[in-house]
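Visitor: For the working numbering, add 5 to where a residue sits in the sequence shown, where the first one is 1. Quick one: the structure is below, questions incoming.
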Amino acid sequence: MFRTVYKRNIPDAKSIKKWQKTFLGTGSVQKRSGSNRCSLYDARVEDVRQAFVQSPHMSIRRVASELSVPRSTIHNVLHRKLRLYEYKMHIVQKMQPNDGPQRVAFAVEMLSRIEN
């Protein structure tokens with residue numbers, strides 16, 4: 006009957022004993038919630054923002070050291086909450102006067118190859 010109603014196999018004796026033990030210990034068979042620790046993550050968002058506003062060139066490692074927070078927390082706050090990402094300067098060659106027409110010719114050539 007259990008299988009026709011719930012479309013699952015019946016629980017074995019081990020599972021039922023475990024549920025009974027949990028019920029007698031806690032008064033409920035529901036799974037326990039996660040830890041009740043407060044998150045430093047949300048509390049530190051403004052501290053991290055201020056640290057990087059004051060000195061934007063400071064490293065994540067140094068900010069973590071100054072705020073006594075794990076580097077991973079600083080990294081997660083920067084990326085997930087503040088949407089800030091590292092930016093590295095790249096040295097590129099200067100555009101020459103004849104580069105424009107060469108680029109256009111290359112693009113036209115590639116388009117014609119793709120179409121054929």
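Glycine is no exception: its CB is placed at the ideal position from the N, C-alpha and C atoms. All values reported here derive from a predicted model rather than from experimental measurement.
(1) So which of Asp104, Ser73, His62, Val97 has the shortest CA-CA distance to Leu89?
(2) Measure the Cβ-Cβ separation of Ile15 and Phe28 and say whether it is below 8 angstroms.
(3) Is DSSP giving Tyr90 helix, strand or coil here?
(4) Per DSSP, what kind of secondary structure is Val34 in: helix, strand or coil?
(5) Using only CA atoms, which one of Gln25, Gln98, Arg118, Gln55 lies nearest to Ile79?
(6) Of the residues Val113, Ala48, Gln98, which one's Cα is nearest the Cα of Val82?
(7) On the criterion of 16 or more Cβ atoms from any shown chain inside 10 Å, does Val53 qualify as buried, or is it exposed?
(8) Under 7 angstroms Cβ to Cβ from Arg130, same chain only, skipping five residues before and after it: list those, please.
(9) Would Lys86 and Val50 qualify as a contact pair, given that the criterion is a beta-carbon distance under 8 angstroms?
(10) Of the choices Lys12, Val34, Gly105, Val10, whose alpha-carbon is the least far from that of Ile21?
Guide: So, to answer that:
(1) Translated into the one-based positions of the sequence shown, residue 89 becomes position 84. Ranking the options by Cα distance to Leu89, first place goes to His62.
(2) Counted from its first residue, the sequence shown places residue 15 at position 10. Counted from its first residue, the sequence shown places residue 28 at position 23. Not closer than 8 angstroms, so no.
(3) Start at 1 with the first residue of the sequence shown, and residue 90 comes out as number 85. If DSSP states are grouped into helix, strand and coil, Tyr90 belongs with coil.
(4) As a first step, residue 34 must be located in the sequence shown, where it is residue number 29. Coil.
(5) Here the question's residue 79 lines up with position 74 in the sequence shown. Among Gln25, Gln98, Arg118, Gln55, the Cα nearest to that of Ile79 belongs to Gln55.
(6) To locate residue 82, count along the sequence shown from 1; it is residue 77. Among Val113, Ala48, Gln98, the Cα nearest to that of Val82 belongs to Ala48.
(7) Position 48 of the sequence shown, counting from 1, holds the residue named residue 53. It is buried - the Cβ of Val53 has at least 16 other Cβ atoms within 10 Å.
(8) One cannot answer for residue 130 here, as it falls past the ends of the chain, which runs 6 to 121.
(9) Counting from 1 along the sequence shown, the entry for residue 86 is found at position 81. Counting from 1 along the sequence shown, the entry for residue 50 is found at position 45. For Lys86 and Val50, yes; Cβs fall inside 8 angstroms.
(10) The count along the sequence shown starts at 1 and reaches residue 21 at position 16. The option with the nearest alpha carbon to Ile21 is Val34.
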